[in-house]
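For the record, the sequence lines run as chains F and P.
All residue numbers in the first sequence are consecutive under our numbering, ending with 553.
All residue numbers in the second sequence are consecutive under our numbering, ending with 553.
Take a look at the structure below.
2 protein chains.
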Amino acid sequence: MKRSELIHQINLKKSFLCVGLDTDPAKIPSFLNDFEDPIFEFNKRVIDATKDLCVAYKPNIAFYESLGPKGWESLEKTIDYIPDDIFTIADAKRGDIGNTSKMYAKTFFEYFDFDAVTVAPYMGVDSVAPFLEFEDKWVILLGLTSNKGSNDFQRIQSGSTPLYESVIRKSQEWGSPENLMYVIGATHPESFAEVRDMAKEHFFLVPGIGAQGGDLHGVVSNGKNDDCGLLINSSRGIIYAGGDSENFEVAVNKSAAELQGKLGTYL
Amino acid sequence: MKRSELIHQINLKKSFLCVGLDTDPAKIPSFLNDFEDPIFEFNKRVIDATKDLCVAYKPNIAFYESLGPKGWESLEKTIDYIPDDIFTIADAKRGDIGNTSKMYAKTFFEYFDFDAVTVAPYMGVDSVAPFLEFEDKWVILLGLTSNKGSNDFQRIQSGSTPLYESVIRKSQEWGSPENLMYVIGATHPESFAEVRDMAKEHFFLVPGIGAQGGDLHGVVSNGKNDDCGLLINSSRGIIYAGGDSENFEVAVNKSAAELQGKLGTYL
Chain F
287 MKRSELIHQI NLKKSFLCVG LDTDPAKIPS FLNDFEDPIF EFNKRVIDAT
337 KDLCVAYKPN IAFYESLGPK GWESLEKTID YIPDDIFTIA DAKRGDIGNT
387 SKMYAKTFFE YFDFDAVTVA PYMGVDSVAP FLEFEDKWVI LLGLTSNKGS
437 NDFQRIQSGS TPLYESVIRK SQEWGSPENL MYVIGATHPE SFAEVRDMAK
487 EHFFLVPGIG AQGGDLHGVV SNGKNDDCGL LINSSRGIIY AGGDSENFEV
537 AVNKSAAELQ GKLGTYL
Chain P
287 MKRSELIHQI NLKKSFLCVG LDTDPAKIPS FLNDFEDPIF EFNKRVIDAT
337 KDLCVAYKPN IAFYESLGPK GWESLEKTID YIPDDIFTIA DAKRGDIGNT
387 SKMYAKTFFE YFDFDAVTVA PYMGVDSVAP FLEFEDKWVI LLGLTSNKGS
437 NDFQRIQSGS TPLYESVIRK SQEWGSPENL MYVIGATHPE SFAEVRDMAK
487 EHFFLVPGIG AQGGDLHGVV SNGKNDDCGL LINSSRGIIY AGGDSENFEV
537 AVNKSAAELQ GKLGTYL
């Protein structure tokens, strides 16, 4: 998907919500276990309940991988089920030497036809560049992540420059606002103004609202740009809102609508 | 596998060779395409030709993932085929927030029963710790990688401390020489003495010999410790040594034997 189309969808839906599909067999309503593919059945219902409220879906690849080949099949069916006008993100945190990153890019962009994949920056340019060679496909590079461990290395200072700043500045030599976004965690709302200043036009994918306790208002007021420039992700807070209920999708829809409503007020 | 068993195997086989199973459908001998699972047939023959010469196998997960559920099945059969006394490494470069890293750990340690998985350090302690909670299983953390891009961030200095040194020192608070190794690329032979000084007892997994042009003698003379402490990986240089030949395994065996012979002289 092109950047202009993503912005069009945001304005159309009055939403910059991304729904994270962290689908865990231990947490989905138990009645779904009678179906042949419970993971896909769950995702299908979540997608039906949220597709008018969000502009992106982000399956967390770990959850599908942990189920072996069957999980891979559930993922494939899920991606095929998502409407074409919704941006799809493989949350995979990949990154390796050039010939290997190229294989990962083929997996997510050709085999599955995702729009974007999250990539870890530690191995530098040749681990990221192979993903940027695909037309209308995106790298979402880890910048400042939402977890506690983000303090271990991402904030290490070289002179007055923290590592995440080096990552954000250096990587702008490799990609553009048309194919490169950054992961910036909502648990660091105070950093958003500064990060926005480093990357004025780039979209940020923002995890950490919801289960991780991030501050939505701080994020949006500091991080929004003229094109919106933000995708706010919520996973567990939305998809498990219905508990073990057989019509869990009502609560899923309500939870997504609440967040979309809040987001809409900023547009 | 326990550290003591790995050291026992190294002394028994006079080898610290790790064979990388970067199995690419476009590079395997064409006659294998007549089999139902060409990838597994190739790996099986490579394993038969090298199992007495190496102490570890390292499937590169990207190559299996890129084939979808079928690739995942080939990987499963490959792991089941590797003899139990050989150390197995999932070269996956994973790492995410805690609940997600736990899922990746389950994938590689429980679903596949690998001994070790390579992990990227960028997200810090809670992205690495879940892998360290499995008994007799290992994290192999990226330290100083073999690729050109390793210069982009890994050598960024904070005071006089490069990032890779911070990673190696800090992570020793999370794991021990019994469950934590480091990836140190053979393309930096000059750094091995210094890295060995930072992590005296830890094993290093060393890619970059062979196709990437690393210096074996420099690595071993600077990096070996009293327990050996090194696993030298070769992938393309061994597994594709036989070209398109129907008895390619003869050349695979010869290539592995040559490298094992060299390694044996250091033990």
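Note that CB positions come from ideal geometry on N, CA and C, so glycine has one too.
Note that this is a predicted model, so its numbers are computed, not measured.
Around the beta-carbon of Ser446(P), fewer than 16 other beta-carbon atoms lie within 10 Å, marking it exposed.
By the neighbour-count criterion, in which 16 or more other beta carbons inside 10 Å mark a residue as buried, Asp377(P) falls on the buried side.
Counting C-beta atoms within 10 angstroms of its own C-beta, Ser521(F) has 16 or more neighbours from the protein chains shown and is therefore classed as buried. Under the three-pair Cβ rule at 8 Å, the region 502–510 of chain P counts as touching the region 470–489 of chain P. Chain-ordered listing is empty here: chain F has no CB closer than 7 Å to the CB of Val403(P), the nearest sitting near 12 Å. Using a Cβ distance threshold of 7 Å, Tyr367(P) and Lys313(P) do not count as a contacting pair. In chain order, Asp530 place their CB closer than 7 Å to the CB of Ser316(P), counting only its own chain and leaving out the 5 sequence neighbours on each side. With a threshold of 16 other beta carbon atoms within 10 Å, Leu553(P) falls short and is exposed. Relative to the Cα of Ile426(F), the nearest Cα in the group Tyr468(F), Ile293(F) and Ala342(F) belongs to Tyr468(F). DSSP places Gly306(F) in the strand class (E or B) of the three-state scheme. For the 7 Å CB-CB criterion, Gly435(P) and Gly410(F) form a contact. Ala342(F) and Val403(F) have their alpha carbons spaced roughly 12 Å apart. Per the C-alpha coordinates, the member of Leu418(F), Asp334(F), Gln443(F) and Leu292(F) positioned closest to Ser462(F) is Leu418(F). Ranked by how close their Cα comes to the Cα of Phe349(P), the residues Glu327(F), Ile365(F), Val453(F) and Lys392(F) have Lys392(F) in first place.
Taking the Cα of Pro345(P) as reference, the smallest distance to any Cα among Asp371(P), Val305(P), Pro355(P) and Lys540(P) is reached at Val305(P). With contacts defined by Cβ atoms closer than 7 Å, Gly381(F) and Ala406(F) form a contacting pair. According to the DSSP assignment, Asn385(F) belongs to the alpha helix (DSSP H) that extends over Gly384 to Ala391. Chain F places no beta carbon closer than 7 Å to that of Glu451(P), leaving this residue out of the contacts. Asn539(P) has its alpha-carbon roughly 10 Å from the corresponding atom of Leu545(P). At a beta-carbon threshold of 9 Å, the residues of chain F lying near Ile442(P) are Ile442, Ser444, Thr447, Leu449 and Ser452, ordered along the chain. A distance below 6 Å between beta-carbons, with the five flanking residues on each side excluded, links Asp323(P) to the following residues of its chain, in chain order: Ser360. The C-beta separation of Gly354(F) from Glu362(P) comes to about 7 Å, placing the pair in contact by the 8 Å criterion.
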